[in-house]
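Protein chains in written order, with the numbering used here: chain X, 1 to 378; chain L, 1001 to 1167. In what follows, a structure is listed as structure tokens, so that the remarks can point back to it.
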């Protein structure tokens, strides 16, 4: 090698560093002051996040055996078993993750909400929402979590709840302001939220209402930058033909590879729709990506308890979580076939608390993305 | 390096470019490979000169970059083969070699190779001691011993030295 040392310009150093895992970067902040400030800069945190999201996803799953631990499985393919996330929240034996965004997990512990980055080992307790709180105010499907890129802020939206003839208000919590504020009522009064998903700056809610004994569904998006909501047309999953004893059991909302997706759970099959072009005319952009018989997905005599697609591969394969009364499985499906299955637990787990998670440097302590020097965990 | 042209009568005889490294060696490269580098493409667009002199890239590094460019310019290779070539290309290379390579990809503006090399370098650095990183990047430690001790104390979980390597 040449005598003079080869000096790498800052943009190359940045390119190298954004490929590193969070733990290594925390350590490398100790290299020098300038590395410390680079690793803490907002644009670096975002760049690192987008690299991580492309390269490595984790699937978080509550263990049916122990409440405090989260099972995680890492690497997209093949499915590898990882380890456990141990909850840093003391004083409670019951906690559940209700949302995951940019490496931050929203966790409910009794009547409190925490935002936690398990890779930074940092969490923050969110102040109590305004007004009187009840246990059922914290049903996960009523809560949404996402990123407002216009303000570089993370927000929790807590939907109004229709109880005893009156509505409690929808409230929005801003991580940056560290406070809740009330909003005009959303959603439409007689709908109840089923699932929420954050995508493209908006939280999307799938809502249901009962009309003449039949479930009717609606999809709304709530824009975190301007508090505006609008209805999004659902895919044309009708007509229901009563003759073949096939009817819709449920609808599930998810985001796969940046696409808004709806899984229609029929009595005898699963159909997954993806909105290929989010910003175009919504009617035409729903595309069917899976149409699979339920007897292929579930083993004989198993009772389905929940389905959740997690990941959409380049080649059109879909990774999906399936919970029945007997076991929890991960499946890889394509078109109308099951290609691969892996039993995760020989017990059912709660599929709605299963999330795709990425490793990130995003700190819950300050939403501007700067890393705090102090850890809030002891 | 120059492969035979199989594109038929429409494309004229494949053009070549000569690239000279800083130690004076010359490499004959097909134009289709050279233009994968944004800077070489610009130079070729601006002047008719078929000889390009690169004053800050040495022989060894230039040969590697050209091997990369020629493989990626080969229409006969599938994307899968190119991907496995990329993996093979960086595997086993020393950190020092990768440093010169990443610098060259920056000069020549070969973005995809820059990403591949940067990723490989990160892979090597992942479990290295901070001291090793300072040496390799030629960085002066500007923390006071007290400040460094404080950093290590606060993020002790990330500083578990038992798993870290110094070579």
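The beta carbon of each residue, even a glycine, is placed where N, CA and C say it ideally should be. Everything numeric in this text was worked out from a predicted model, so none of it was measured.
Check whether residue i and residue j have beta carbons under 8 Å apart
{"i": "residue 256 of chain X", "j": "residue 262 of chain X", "result": "no"}
{"i": "residue 181 of chain X", "j": "residue 140 of chain X", "result": "no"}
{"i": "residue 1116 of chain L", "j": "residue 1090 of chain L", "result": "yes"}
{"i": "residue 59 of chain X", "j": "residue 356 of chain X", "result": "yes"}
{"i": "residue 45 of chain X", "j": "residue 350 of chain X", "result": "no"}
{"i": "residue 270 of chain X", "j": "residue 251 of chain X", "result": "no"}
{"i": "residue 268 of chain X", "j": "residue 48 of chain X", "result": "no"}
{"i": "residue 130 of chain X", "j": "residue 106 of chain X", "result": "no"}
{"i": "residue 314 of chain X", "j": "residue 332 of chain X", "result": "no"}
{"i": "residue 186 of chain X", "j": "residue 229 of chain X", "result": "yes"}
{"i": "residue 1074 of chain L", "j": "residue 1131 of chain L", "result": "no"}
{"i": "residue 27 of chain X", "j": "residue 1149 of chain L", "result": "no"}
Same chain only: Cβ atoms within 7 Å of residue i, ignoring 5 sequence neighbours per side
{"i": "residue 9 of chain X", "result": "none"}
{"i": "residue 1094 of chain L", "result": "none"}
{"i": "residue 1085 of chain L", "result": "1071"}
Chain-ordered chain X contacts of residue i [CB-CB under 9 Å]
{"i": "residue 1139 of chain L", "result": "31, 32, 34 and 35"}
{"i": "residue 1103 of chain L", "result": "6, 7, 8, 9 and 12"}
{"i": "residue 1166 of chain L", "result": "By Cβ distance, chain X contributes nothing, its closest Cβ being about 13 Å from residue 1166 of chain L, past 9 Å."}
Rounded straight-line distance, which links the Cα of residue j to that of residue i
{"i": "residue 272 of chain X", "j": "residue 40 of chain X", "result": "40 Å"}
{"i": "residue 158 of chain X", "j": "residue 338 of chain X", "result": "37 Å"}
{"i": "residue 1123 of chain L", "j": "residue 20 of chain X", "result": "7 Å"}
{"i": "residue 341 of chain X", "j": "residue 125 of chain X", "result": "38 Å"}
{"i": "residue 285 of chain X", "j": "residue 34 of chain X", "result": "47 Å"}
{"i": "residue 6 of chain X", "j": "residue 12 of chain X", "result": "12 Å"}
{"i": "residue 274 of chain X", "j": "residue 306 of chain X", "result": "19 Å"}
{"i": "residue 302 of chain X", "j": "residue 325 of chain X", "result": "6 Å"}
{"i": "residue 264 of chain X", "j": "residue 320 of chain X", "result": "13 Å"}
{"i": "residue 296 of chain X", "j": "residue 353 of chain X", "result": "24 Å"}
{"i": "residue 1155 of chain L", "j": "residue 118 of chain X", "result": "14 Å"}
{"i": "residue 38 of chain X", "j": "residue 29 of chain X", "result": "8 Å"}
{"i": "residue 1160 of chain L", "j": "residue 1145 of chain L", "result": "18 Å"}
{"i": "residue 195 of chain X", "j": "residue 102 of chain X", "result": "19 Å"}
{"i": "residue 1051 of chain L", "j": "residue 123 of chain X", "result": "59 Å"}
{"i": "residue 308 of chain X", "j": "residue 1164 of chain L", "result": "38 Å"}
{"i": "residue 311 of chain X", "j": "residue 1028 of chain L", "result": "45 Å"}
{"i": "residue 99 of chain X", "j": "residue 179 of chain X", "result": "19 Å"}
{"i": "residue 43 of chain X", "j": "residue 22 of chain X", "result": "15 Å"}
{"i": "residue 1071 of chain L", "j": "residue 1082 of chain L", "result": "7 Å"}
{"i": "residue 278 of chain X", "j": "residue 287 of chain X", "result": "12 Å"}
{"i": "residue 236 of chain X", "j": "residue 348 of chain X", "result": "31 Å"}
{"i": "residue 299 of chain X", "j": "residue 364 of chain X", "result": "42 Å"}
{"i": "residue 50 of chain X", "j": "residue 293 of chain X", "result": "35 Å"}
{"i": "residue 1140 of chain L", "j": "residue 32 of chain X", "result": "7 Å"}
{"i": "residue 1008 of chain L", "j": "residue 1077 of chain L", "result": "Reliability fails at residue 1008 of chain L, whose pLDDT of 42 lies under 50, so the model's placement of it is uncertain and the value that follows must be treated cautiously. The alpha-carbon atoms of residue 1008 of chain L and residue 1077 of chain L are separated by roughly 18 Å."}
Interface residues of chain X facing residue i [CB-CB closer than 8 Å]
{"i": "residue 1057 of chain L", "result": "Under the 8 Å cutoff, chain X gives no residues; its nearest Cβ is about 12 Å from residue 1057 of chain L."}
{"i": "residue 1152 of chain L", "result": "30"}
{"i": "residue 1134 of chain L", "result": "31 and 32"}
{"i": "residue 1106 of chain L", "result": "9, 11 and 12"}
{"i": "residue 1148 of chain L", "result": "30"}
Cross-chain neighbours of residue i in chain X, by beta carbon under 7 Å
{"i": "residue 1100 of chain L", "result": "6"}
{"i": "residue 1142 of chain L", "result": "32 and 33"}
{"i": "residue 1114 of chain L", "result": "15"}
Distance cut-off 7 Å: residue i Cβ against heavy atoms of the ligand ZN
{"i": "residue 130 of chain X", "result": "In terms of ligand content, the structure shown is empty, and the ligand ZN therefore cannot be addressed."}
Cut-off 6 Å between Cβ atoms - residues of its own chain near residue i, not counting five sequence neighbours on either side
{"i": "residue 219 of chain X", "result": "206, 232 and 234"}
{"i": "residue 1104 of chain L", "result": "1057, 1061 and 1065"}
{"i": "residue 1053 of chain L", "result": "1020"}
{"i": "residue 336 of chain X", "result": "291 and 292"}
{"i": "residue 343 of chain X", "result": "327 and 329"}
Closer than 9 Å at the beta carbon, the chain L residues around residue i
{"i": "residue 24 of chain X", "result": "1122, 1125, 1126, 1127, 1128 and 1158"}
Residues of its chain near residue i, where Cβ-Cβ distance is below 8 Å and the 5 sequence neighbours each way are ignored
{"i": "residue 183 of chain X", "result": "169, 170, 171, 172 and 227"}
{"i": "residue 1127 of chain L", "result": "1163, 1164 and 1165"}
{"i": "residue 246 of chain X", "result": "240, 266, 267, 268 and 269"}
Chain-ordered neighbours of residue i on chain L, where CB pairs are closer than 7 Å
{"i": "residue 20 of chain X", "result": "1122, 1125 and 1126"}
{"i": "residue 16 of chain X", "result": "1118, 1121 and 1122"}
{"i": "residue 121 of chain X", "result": "1157"}
{"i": "residue 124 of chain X", "result": "In chain order: nothing, as chain L lies at least about 17 Å away."}
Subject >> Touching by the beta-carbon criterion (3+ pairs, under 8 Å), the segment 1080-1100 of chain L and the segment 1020-1035 of chain L >> reply: no
**OP:** Count the C-beta pairs between the segment 1117-1128 of chain L and the segment 6-26 of chain X that are closer than 8 Å, then say yes if the count reaches three, no if not.
**Re:** yes
Original post:
Should the segment 1051-1063 of chain L be regarded as contacting the segment 1019-1026 of chain L, the criterion being three or more beta carbon pairs within less than 8 Å?
Top reply: yes
Original post:
Are the segment 195-204 of chain X and the segment 222-239 of chain X touching by the rule of at least three beta carbon pairs closer than 8 Å?
Top reply: yes
Original post:
With a cut-off of 8 Å, do at least 3 Cβ pairs link the segment 149-157 of chain X to the segment 94-114 of chain X?
Top reply: yes
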